[in-house]
Structures are given as C-alpha cells and as structure tokens.
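**Q**
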Amino acid sequence: MAHYELRCRECGRSWGNQPRSICDDCFSPLEITYDYDAVKGALAQGSVDQPKASRERIAQRSPNMWRYSELLPLPAGYEPRLPVGFTPLFQTPHLAERLVGATNDSKTAARNLYLKNDAVCLPTLSFKDRVVAVALAQAQEFGFDTVACSSTGNLANAVAAHAARLGLKAWIFIPSDLEPAKILGTQVFGANVVRIAGNYDQVNRLCSQIAEERRWGFVNVNLRPYYAEGSKTVGFEIAEQLGWRLPDNVVVPMAGGSLITKIKKAFDELAKLGLVEEKPVKFFGAQATGCSPISTAVKTGSAEIEPQKPATIARSLAIGNPADGHYAIQTIKHSGGWSEDVSDPEVIDSIRLLAETEGIFTETAGGVTVGTARKLYRQDRILPEETTVLCITGNGLKTTDVLAGVYEIERPIAPKLAEFEKYLNETLDNTEVAKEAATVGA
Ligand SMILES: *Cc1c(COP(=O)(O)O)cnc(C)c1O
Ligand SMILES: [Zn+2]
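Our numbering puts the first residue of the sequence shown at 6, with every later residue one more than the last.
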C-alpha cells in the first residue's frame with residue numbers, strides 16, 4: 006500500500022491512486038494526502054531525537070529534489086533518472102537596496118532578502134522540471150507510453166526533455182504565439198509539437214477533450230494532482246537552505262496558481278513533521294497586469310476568479326482562467342499576504358535590474374516577481390527586517406525576444422589598437438554627454 010492517495014479537496018472522498026484530477030461526486034479538484042505517521046517513521050529511522058535525526062538523514066542525501074522522496078507521491082522503489090532541483094538560495098543585497106526605495110532601511114533589507122534561483126533548475130532551466138519529474142514517475146507507474154501537456158512554454162520544454170530521458174513519447178500542445186526559444190527547446194527533444202491558434206485556456210480545454218479520448222498521460226490534466234506535488238520541493242529546499250527555518254515572506258509568480266499553494270503545503274508539512282518550527286509565513290502572489298485574474302481578485306477582495314483574456318509579454322504566466330486560482334487566493338488571504346501585478350515595461354526593467362545588480366538573467370516571469378517585490382516593499386507590505394524569499398522560476402535565455410531593441414548593437418571596429426582607443430574616446434564622450442543631458446533634464 007502506498008503511503009499517499011488522492012482525496013477530494015471539498016467532499017473528502019478518497020480515490021486511491023489513478024490518473025484522475027476531478028472528483029466525480031462534487032467536481033472539485035483532487036489532492037494528494039499522506040499518511041504522515043508513515044512518513045515520520047520512514048524519516049526518523051526509529052531514533053528518539055526525531056526532528057534532528059530526520060534533518061540529518063535528508064542532509065546526507067544527494068543534492069536534488071529526490072531527497073524529499075517520502076513527501077512526494079512516488080511509486081515504491083522508484084529510481085529517478087534525472088537529478089532535478091536543489092537550486093541555489095542566496096542573499097541579494099544589491100537588489101534589496103534598489104527595491105526598498107530611499108525612505109526605507111536598505112542596509113537591513115540587504116541582509117534579509119533571498120532569491121531562490123530556479124533559472125538554473127536542471128534539465129530545462131525552470132521550476133517545471135520539478136513537477137514533470139513527479140508526474141512522469143506516476144505516468145510510468147500507470148502504464149502510459151505517451152505523455153502530453155498543454156503548456157505556456159516551460160512545461161513543454163520539461164515534458165519533452167524528461168520524456169526523452171525516460172523513453173516515452175511526448176505530445177505537446179502550445180498557444181501559437183510562444184517564444185521561439187521555447188518552441189525550439191521542445192522540438193529538439195523529438196517531441197510532437199502542436200501549435201494551436203488560440204490562447205492557453207483554449208489549448209487546455211482541447212487537452213481535456215483529448216485526454217478523454219486517448220490513453221495518454223497529460224501531466225497537467227489527468228496526472229495533475231501528482232504533477233502539482235513536485236512544486237512542494239521549492240518550499241522544502243527554501244526551508245532547508247535557510248537552516249531548517251521558515252521565512253517571514255515568499256513572493257511567488259502565479260500562472261495556474263498551483264506553485265504558491267504548494268509552497269504553503271510544503272511549509273505546513275515540515276512543521277507537522279517537526280522538521281521546522283511552526284511560524285506564520287506571508288504569501289505574496291505576483292502577476293503581469295495584462296493577465297492578472299488572481300491578483301485582481303485579491304485586490305478587490307473577491308473569493309472567486311473572473312477569467313481574463315491574456316495580453317502580456319509574460320507568456321509563461323498567461324493563464325486567464327487559473328485552475329488553482331481559488332486556492333491561491335485563499336493561501337494569500339489566510340496568510341495575511343497580498344498580491345500585486347506589474348506592467349510589461351516594469352517586467353523588462355525588473356529583468357534588467359536583477360541582471361545588473363546580482364548577475365541573474367531571468368525570464369519574464371522573474372521580472373514579474375522582482376517588479377512585484379519592489380511594489381510590496383514600497384507599500385510597506387514587506388518590511389526590510391523580515392526574511393523574504395523571491396522565487397525566480399525561469400531562465401532569461403528563453404525569452405530574449407522581449408529585450409530586442411533595448412540594447413544597441415554597435416558597429417564593428419577594425420582589430421587595431423588605435424581603432425579601439427578612438428572608439429573608447431567616442432564612447433566615453435557620449436556617456437559624458439548623455440550624463441549631462443540627464444542632469445539638465447532632471
Ligand atoms: C508555470 C510557471 C509559473 C507558475 O506556476 P503555477 O503553478 O501554474 O502558478 C511560474 N513561473 C514560471 C517560469 C512558470 O513556467
Ligand atoms: Zn468531491
């Protein structure tokens with residue numbers, strides 16, 4: 006017997022383990038629940054000093070997301086084929102000083118702002134590798150030889166790569182306007198890519214219909230409850246990397262709204278198992294203004310989502326009718342957090358700010374997170390003395406097209422020292438002139 010199973014989030018009916026995401030009785034989403042006594046026992050190895058023994062046991066394992074296997078819905082004896090996750094968490098003092106604004110205590114913020122960098126999650130450079138890793142473990146267990154997904158880009162890359170590694174066939178459905186790097190970064194793994202003339206919500210609806218017709222494992226449709234659990238590893242890692250401690254705040258980009266609810270679940274589970282001390286954590290959601298159904302609901306005090314038609318460069322977050330929107334709103338509200346959204350120009354400025362201050366090149370979703378954090382500091386919803394973690398979820402090399410036109414490409418110069426000296430003088434002159442113009446303008 007597995008130590009986990011599907012249960013309806015609303016009526017509580019148990020559904021065992023099967024490829025299914027909705028309760029037939031009340032049409033609510035299913036969620037994985039665990040036998041936490043079994044988890045505790047497995048982690049503690051019969052020691053009297055349980056939390057400490059369990060922490061040490063986890064710490065001895067390989068640095069990837071599989072170190073938390075007991076808290077993931079994995080088939081018994083599952084042997085992972087890819088070392089996904091355990092991405093860096095580090096302080097970002099220069100970014101902090103720029104985010105808090107002149108009136109706030111920037112030196113204090115500099116000590117307390119952290120970044121969780123899934124821009125370097127392997128193998129496909131976004132946090133989606135985590136969810137796919139778990140979904141495909143179950144896809145194999147359920148006997149699917151073909152896996153599929155509807156995707157805003159990063160999920161497409163992850164499903165295609167993991168499927169190649171595991172020897173599964175992959176069918177990927179995407180809205181036709183995705184970034185070229187995300188399309189190419191799916192095709193290269195030999196996946197079948199179907200471009201749909203429509204937005205993500207239409208692609209997703211189509212996938213639900215296909216899932217009824219074919220025996221395919223759609224990671225975010227019939228395997229969705231298993232898939233979503235992979236996001237918890239972001240939360241486990243944040244706590245472990247802070248020294249088995251929960252932060253005061255996390256800022257999380259939201260598309261379907263699943264990640265933010267799963268970081269909350271991860272923190273709750275660690276507290277329940279005694280691996281961290283229980284404490285209140287505020288959850289802050291980040292969206293692009295051009296697709297902000299969740300942040301709009303939070304800001305207007307509504308408990309339900311009003312679907313939107315996405316119009317933003319943050320395509321990875323462009324879900325107008327988020328599947329977990331309702332639960333994301335709850336997570337944010339119950340925690341005392343908030344949600345904000347930022348315009349496309351702010352997304353670009355924030356991508357540049359993070360790159361220039363900390364040397365991290367994130368995609369548009371990361372720009373959304375950084376821009377949102379800036380607003381939250383300036384609204385005093387996040388205070389400089391609070392430990393705050395920004396979740397950077399994807400890599401900037403996949404969305405370089407949004408920066409087209411931001412930087413000039415200089416004309417080439419001859420490979421001669423004299424040419425370079427001349428070039429340098431001109432450039433410095435121009436910079437000085439530009440500075441003066443800025444001062445005069447101000
Ligand atoms: C999918 C995605 C998210 C949001 O995930 P949800 O769980 O759907 O809210 C955030 N960032 C990036 C880069 C993504 O690809
Ligand atoms: Zn139900």
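Think of the CB as a built atom: it goes at the ideal place given N, C-alpha and C, for glycine as much as any other residue.
Report the partner residues of V152 according to the DSSP bridge assignment.
**A** Answer by DSSP bridge pairing, in chain order: A175 and G222.
**Q** Indicate the three-state DSSP secondary structure (helix, strand or coil) for S131 in the structure shown.
**A** Strand, per DSSP.
**Q** Taking only three categories from DSSP, how would you classify L183?
**A** The answer is coil: DSSP assigns L183 none of H, G, I, E or B.
**Q** Compute every distance between the C-beta of D30 and the non-hydrogen atoms of ligand 2, then say whether any falls below 6 angstroms.
**A** Flag set: Cβ of D30 near ligand 2.
**Q** Which of the three DSSP states is assigned to I337 in this structure?
**A** Here I337 sits in helix by DSSP.
**Q** Flag this pair as touching only if the stretch 318–325 and the stretch 359–366 have three or more C-beta atom pairs under 8 angstroms; answer yes or no.
**A** The answer is no - the stretch 359–366 does not touch the stretch 318–325, with fewer than three Cβ pairs under 8 angstroms.
**Q** Going by DSSP in three states, D385 sits in which element: helix, strand or coil?
**A** Residue state, collapsed to three classes: coil.
**Q** For ligand 2, I want to know if S33 counts as a neighbour, meaning its beta carbon is within less than 6 angstroms of at least one of the ligand's heavy atoms.
**A** True, at least one ligand heavy atom lies under 6 angstroms from that Cβ.
**Q** If we count Cβ pairs, one from each stretch, closer than 8 angstroms, do we get three or more for the stretch 142–154 versus the stretch 368–375?
**A** Touching, no.
**Q** Report the residue from T317, L118, K187 and P34 whose alpha carbon sits nearest the alpha carbon of R379.
**A** For the residues T317, L118, K187 and P34, the minimum Cα distance to R379 belongs to L118.
**Q** According to DSSP, is V137 part of a helix, a strand, or is it coil?
**A** Helix, per DSSP.
**Q** For V199, which beta-bridge partners are listed by DSSP?
**A** F178.
**Q** Considering only residues of the same chain and omitting the five flanking positions on each side of A43, which have a CB-CB separation below 6 angstroms?
**A** Excluding residues within five positions, the ones whose Cβ falls inside 6 angstroms are H8.
**Q** Can you tell me whether H339 is buried or exposed, with buried defined as 16 or more other CB within 10 angstroms of its CB?
**A** Exposed, because fewer than 16 other Cβ atoms sit within 10 Å of the Cβ of H339.
**Q** Provide the residue span of the alpha helix (DSSP H) that contains R416, from first to last.
**A** Here R416 belongs to no alpha helix (DSSP H), and DSSP marks it neither H nor E.
**Q** Counting only the same chain and skipping the five closest in sequence on each side, list residues whose C-beta sits under 7 angstroms from that of G478.
**A** Residue 478 is absent from the structure shown; the chain starts at 6 and stops at 447.
**Q** Does DSSP put G330 in a helix, in a strand, or in coil?
**A** Here G330 sits in helix by DSSP.
**Q** For V208, which residues in the same chain have their Cβ closer than 7 angstroms to its Cβ, ignoring the five residues on either side in sequence?
**A** These residues qualify, in order along the chain: S155, F178, I179, P180 and I201.
**Q** Using the Cβ count rule (16 or more neighbours within 10 Å means buried), how would you classify D349?
**A** Buried is the call here.
**Q** Alpha carbon to alpha carbon, how far is T374 from L173?
**A** About 34 angstroms.
**Q** Alpha carbon to alpha carbon, how far is P185 from Y428?
**A** Distance between the alpha carbons of P185 and Y428: 34 angstroms.
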